[in-house]
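Participant: Chains as they are written, first to last, in our numbering: chain A, 1173 to 1545; chain B, 168 to 552. Can you read through this structure? Questions will come right after.
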């Protein structure tokens, strides 16, 4: 940013040619092995492969909603907001209390007794999601004001450590008995899950009846997650490209002092960015809880970290990059679970992070520019 | 003055001498120590264990005791912790001169107590400690004076396999396990071993971690493999998640688990149609069970004055005490060396099943199978090993 103050770049010692050669060979070998696994299994049983891809898409689209928050916040204040995964967790818990304790999803039926059942469920569920999003927005804006804003001019590492601190605070404060309690809590869904299988057309799965052989199953939650995630993506593109606040966001991201000189209220723009990211994380949290139906206070850690990996993979700071990265992460995870083993999936996720940082630190969509001082 | 001192010394001497002389054939009572964690981390376990053991002793005393001797229980609080348990064991052995101990509940307390009891030739029977080290020493040899009344974890896997094959007619099974949990691993390993030995096929074995929430990949494999049963010997929180997601994938293979399912937090709607192995069920129609449930309920009431329903702990303590007293009866003398031999060869029809001991002093007995159905956990069958 400030060219004047830029320090002399440290001398980077290139690894010896032979060592680099071994490393590259290793990466190529890993990539070939992965490709072989995928292709051979695809040929062996394409139906099962498709089933894994479906569950990978479901995960990937959830990660996409979280990854957007990471990438937007990074793009604007160059902060990796590690508390983002915990905002996601709070979103899940808010919807849990709204549904289980206060029956918020039932309000249309009580308010308009004559309403059709389907419409009531849709309105009720959307209300629950909106409530979660609003609570997450308020929380994220508070966190930003209290924990990050005072550190805006401090070295970046200070803000990063604060972010980790906020993350731990949310997890362990939430685990107190009078807050969320440390238990695994069964989650009551605001609507029923309906599942279908695809074989000679789409058929509904009825309770207690197994779908036929060689069929791919999916549920209404899958459809909702995919639609919501795509909708969020388009909304964000529209927001950033075609609205005044979006232009302000891009300007702030590009050059904060100049944006301030042009009359942009930089602090407000930054808060807004945090708010948008938190709203999507909250929505993701609700959908994740609905999909996997059990919540606990450390729920956000792994999805949060994987969404972070997704954001890095796509190129941190890039919105389409986060989306694409998240989908790749979802597939990598689902195929690992399917063809290697379930406990390996986290190892694979973070191996991807290491490989990306080694091979292309700017990610798929990131511009290969030098990081600003 | 002087004579009074002499007199008192004489009296003291007489008392000391009298207490030293063995009152061999004229013995009128037999002491049994009950070591239960009445305080500490699991006080409810301790109370139920004590009540179960006392219920058994009262029944024997009402029938005239054992070998014509009245049974005197000595209850000590051992806190489910090694130090207090060791102190309590030393106290009852050295001070109260007991030859028989019922307890402790927790393995970590039972193991140090078993070392003392075995060295001092005191017969100990733990009602509920499942760790193999309770009855088998670090040298791999069985401790001759130590027994237990509960089956050990691997046994549940064996019983689960037997139930799946014989009662459900299963030929193929799929195993889901958490590699990091010894309890789960033990059950799963023995299920696999027994199931294959009896001629069944394990069509898949997949592991997960305790914090997983997404089981879609494993469930996709299950849907593909179409096993007759799925063995999931984990705690209820994982069971809730897996069975719920399985229902949504249209998986109809029944799930089978172990006593980790036994919780009021079990999602009975999701786990509907599943089975799990347990120590006992109060709904078991066998007369031993029904008589015990009735007698226990008459003796102990809860805060509202309703009869208490004995849980697995009370039942196992009751069986452990009965086993001990029956062994004394069969030995024909208050002699721990004879009692331990009688115990090793005993066949006893207890509330938790018909009990004999294997060479490692683990009971060979039936397990109870419970079925999750219509939002309740119901008695399904008793499976003999």
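Positions of the beta carbon are idealized from the N, C-alpha and C atoms, including for glycine. Just so it is clear, the structure is predicted and the values come from calculations on it, not from any experiment.
Expressed to the nearest angstrom, what Euclidean distance is found between the alpha-carbon atoms of residue 315/B and residue 296/B?
Facilitator: Computed Cα separation, rounded: 7 Å.
Participant: When you compare each of 203/B, 261/B, 499/B and 225/B to residue 509/B by their alpha carbons, which one comes out closest?
Facilitator: Here the closest residue by C-alpha is 499/B.
Participant: Residue 1400/A to residue 1501/A, Cα distance in whole Å?
Facilitator: For residue 1400/A and residue 1501/A, the distance between alpha carbons rounds to 18 Å.
Participant: What whole-angstrom Cβ distance do residue 1391/A and residue 1370/A have, given they're in contact under 8 Å?
Facilitator: At roughly 12 Å, the Cβ-Cβ gap does not stay under 8 Å, so residue 1391/A and residue 1370/A are not in contact.
Participant: Using the C-alpha atoms, what's the distance from residue 1530/A back to residue 1490/A?
Facilitator: Each residue's alpha carbon lies about 19 Å from the other.
Participant: Check the DSSP bridge columns for residue 198/B and list the partner residues they point to.
Facilitator: Paired residue(s): 239/B.
Participant: So what's residue 189/B in DSSP terms, helix, strand or just coil?
Facilitator: With a pLDDT of only 47 at residue 189/B, under the threshold of 50, the placement of this residue in the model should not be trusted, and no figure is reported.
Participant: Reducing DSSP to helix, strand and coil, say where residue 447/B ends up.
Facilitator: Coil.
Participant: Could you check the C-alpha separation between residue 448/B and residue 496/B for me, to the nearest Å?
Facilitator: Roughly 28 Å separates the two Cα atoms.
Participant: Any beta carbon of chain A sitting closer than 8 Å to that of residue 274/B?
Facilitator: It does not; no Cβ of chain A falls within 8 Å.
Participant: Scan the stretch 360–438 of chain B and note each continuous beta strand (DSSP E) run of 3 residues or more that stays entirely inside, going in chain order.
Facilitator: Whole beta strand (DSSP E) segments, 3+ residues: 368–375, 396–398 and 422–424.
Participant: Could you round the C-beta distance between residue 317/B and residue 299/B to whole angstroms and report it? I think they count as a contact, below 8 Å.
Facilitator: Not a contact, Cβ separation roughly 12 Å.
Participant: Below 8 Å, how does it come out for the stretch 1516–1532 of chain A and the stretch 1265–1272 of chain A: are there three or more Cβ pairs, yes or no?
Facilitator: No, because fewer than three Cβ pairs between the stretch 1516–1532 of chain A and the stretch 1265–1272 of chain A fall closer than 8 Å, the two stretches do not touch.
Participant: Could you tell me the alpha carbon to alpha carbon distance between residue 1425/A and residue 399/B, rounded to whole angstroms?
Facilitator: Cα-Cα distance, rounded: 51 Å.
Participant: I'd like to check one pair, residue 1456/A with residue 1245/A: are the Cβ atoms closer than 8 Å?
Facilitator: Not in contact: residue 1245/A and residue 1456/A (Cβ atoms no closer than 8 Å).
Participant: Three or more C-beta pairs under 8 Å: does that hold for the stretch 1410–1422 of chain A against the stretch 1195–1205 of chain A?
Facilitator: With a cut-off of 8 Å, the stretch 1195–1205 of chain A and the stretch 1410–1422 of chain A do not count as touching, because too few Cβ pairs lie within range.
Participant: Kindly indicate which residue of 1287/A, 1216/A and 1321/A has the alpha-carbon position closest to the one of residue 1444/A.
Facilitator: Among 1287/A, 1216/A and 1321/A, the Cα nearest to that of residue 1444/A belongs to 1321/A.
Participant: Does the beta-carbon distance from residue 555/B to residue 490/B come in below 8 Å?
Facilitator: This structure gives no information on residue 555/B, because the portion of chain B shown stretches from 168 to 552.
Participant: Hey, how far is the Cα of residue 1506/A from the Cα of residue 1228/A?
Facilitator: Taking the straight line joining both Cα atoms gives about 5 Å.
Participant: Would you verify that the beta carbon of residue 408/B is, or is not, closer than 8 Å to some beta carbon of chain A?
Facilitator: Yes, its Cβ sits closer than 8 Å to a Cβ of chain A.
Participant: Using 8 Å as the limit for Cβ to Cβ distance, is residue 1224/A near chain B?
Facilitator: For residue 1224/A, the answer is yes, since a Cβ of chain B falls inside 8 Å of its Cβ.
Participant: Between the Cα of residue 1356/A and the Cα atoms of 1214/A, 1313/A, 1538/A and 1261/A, which residue gives the shortest distance?
Facilitator: Cα-wise, what sits closest to residue 1356/A is 1261/A.
Participant: Below 8 Å, can you find three or more Cβ-Cβ pairs linking the stretch 351–366 of chain B to the stretch 303–312 of chain B?
Facilitator: Cβ pair count under 8 Å is below three, so no.
Participant: With DSSP as the reference, label residue 1222/A as helix, strand or coil.
Facilitator: Three-state result, residue 1222/A: helix.
Participant: Tell me whether residue 1375/A sits in a helix, a strand or coil according to DSSP, three-state version.
Facilitator: In the structure shown, residue 1375/A sits in a strand (DSSP, three-state: E or B).
Participant: Along chain B, which residues have their Cβ under 7 Å away from the Cβ of residue 1358/A?
Facilitator: The answer, in chain order, is 407 and 434.
Participant: Considering only residues of the same chain and omitting the five flanking positions on each side of residue 223/B, which have a CB-CB separation below 6 Å?
Facilitator: So the qualifying residues of the chain are 485, 488 and 489.
Participant: Where DSSP assigns a beta bridge to residue 534/B, which residues make up the other side?
Facilitator: Its beta-bridge partners are 550/B.
Participant: Can you tell me which residues form a DSSP beta bridge with residue 517/B?
Facilitator: Answer by DSSP bridge pairing, in chain order: 520/B.
Participant: Measure from the C-beta of residue 1295/A to each C-beta in chain B and report whether the shortest distance is under 8 Å.
Facilitator: It does not: the Cβ of residue 1295/A has no partner Cβ on chain B nearer than 8 Å.
Participant: Using a threshold of 7 Å, is the CB atom of residue 199/B nearer than that to any non-hydrogen atom of the ligand FMN?
Facilitator: With respect to the ligand FMN, the structure offers nothing, as it holds no ligand at all.
Participant: In chain B, what lies closer than 8 Å to residue 1164/A by C-beta?
Facilitator: Lying outside 1173 to 1545, the shown extent of chain A, residue 1164/A is not represented and no answer is given.
Participant: How about residue 272/B and residue 265/B: do their beta carbons lie closer than 8 Å?
Facilitator: No. Outside cutoff.
Participant: Closer than 7 Å by C-beta to residue 1375/A: which residues in its own chain qualify, once you throw out the five before and the five after it? Chain order, please.
Facilitator: Around residue 1375/A: 1368 and 1369.
Participant: Please go through the same chain and pick out, in chain order, the residues whose beta-carbon is closer than 6 Å to the beta-carbon of residue 1347/A, but skip the five residues on each side of it.
Facilitator: Cβ neighbours of residue 1347/A beyond the five flanking positions: 1354 and 1469.
Participant: With H, G and I counted as helix, E and B as strand and the rest as coil, what does DSSP make of residue 142/B?
Facilitator: Beyond the ends of chain B as shown, which are 168 and 552, falls residue 142/B; an answer cannot be given.
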